[in-house]
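*Asks:*
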Amino acid sequence: PCHLFFGARYNAEYLYKDEFESYVKEGVLTMHTAFSREQARKIYVQHKIVEAGQAVHECMLKQEGHFYVCGSARQVPEDIYTAMKEVMMANERVNEDEAEAILSNLKMEGRYTVEAWS
6 PCHLFFGARY
16 NAEYLYKDEF
26 ESYVKEGVLT
36 MHTAFSREQA
46 RKIYVQHKIV
56 EAGQAVHECM
66 LKQEGHFYVC
76 GSARQVPEDI
86 YTAMKEVMMA
96 NERVNEDEAE
106 AILSNLKMEG
116 RYTVEAWS
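Counting from 6, one number per residue, gives the positions in the sequence shown under my numbering.
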């Protein structure tokens, strides 16, 4: 299974929407979207990652999945890392240092990759 977390300010900025929706219909993709300016309270991808924490944990640690972060170098990588750390702490029942060690191992294995730009 593939989980895609897509974030933008507005739904109108939803790139490849039709393609993604066809993959969802085929059953090969689960979409998690976050459009931060579509409601009063801003919702970002990191919020969606935490919401889907059990599935993220299952894919990453039980199914040896890969996690790719793409986005602005400003705050995105740090915020996503914090969300992933929260997911690991909650689902592995570990402390912050242990969660960071898990994420560090994933990075060393090439299973947690960041592609960020400024």
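Glycine included, each C-beta is placed from N, C-alpha and C at the ideal position.
1) Can you tell which of ILE107, TRP122, GLU120, GLU31 has its C-alpha closest to the C-alpha of HIS62?
2) Kindly indicate which three-state DSSP category TYR28 falls into: helix, strand or coil?
3) Could you give the residue range of the alpha helix (DSSP H) that holds TYR49?
4) Look up LEU108 in the DSSP assignment and say whether it is helix, strand or coil.
5) Look up LEU34 in the DSSP assignment and say whether it is helix, strand or coil.
6) Would you kindly check if the distance between the Cβ of VAL50 and the Cβ of VAL81 is under 9 Å?
7) Is it true that the region 67 to 81 meets the region 24 to 35, where meeting means three or more beta-carbon pairs spaced less than 8 Å apart?
8) Give the single residue among GLY115, LYS47, GLU120, MET113 whose Cα lies nearest to the Cα of GLU83.
9) Can you tell me which residues form a DSSP beta bridge with SER77?
*Replies:* From the atom records:
1) On the sequence shown, residue 62 is found 57 positions in, with the first residue counted as 1. Residue ILE107 is the option with its Cα nearest to HIS62.
2) Taking the sequence shown and counting its residues from 1, one reaches residue 28 at position 23. TYR28: helix per DSSP, three-state reduction.
3) As a working mapping, residue 49 is identified with position 44 in the sequence shown. Note, TYR49: premise wrong, no alpha helix (DSSP H); not H, not E.
4) In the sequence shown, residue 108 corresponds to position 103, counting from 1. In the structure shown, LEU108 sits in a helix (DSSP, three-state: H, G or I).
5) For the purposes of this step, residue 34 is taken as residue 29 along the sequence shown, with counting starting at 1. In the structure shown, LEU34 sits in a strand (DSSP, three-state: E or B).
6) For the purposes of this step, residue 81 is taken as residue 76 along the sequence shown, with counting starting at 1. For the purposes of this step, residue 50 is taken as residue 45 along the sequence shown, with counting starting at 1. Yes, Cβ-Cβ distance for VAL81 and VAL50 is below 9 Å.
7) no
8) As a first step, residue 83 must be located in the sequence shown, where it is residue number 78. If we check each option's Cα against that of GLU83, GLU120 comes out closest.
9) Position 72 of the sequence shown, counted from the first residue, corresponds to residue 77. Answer is TRP122.
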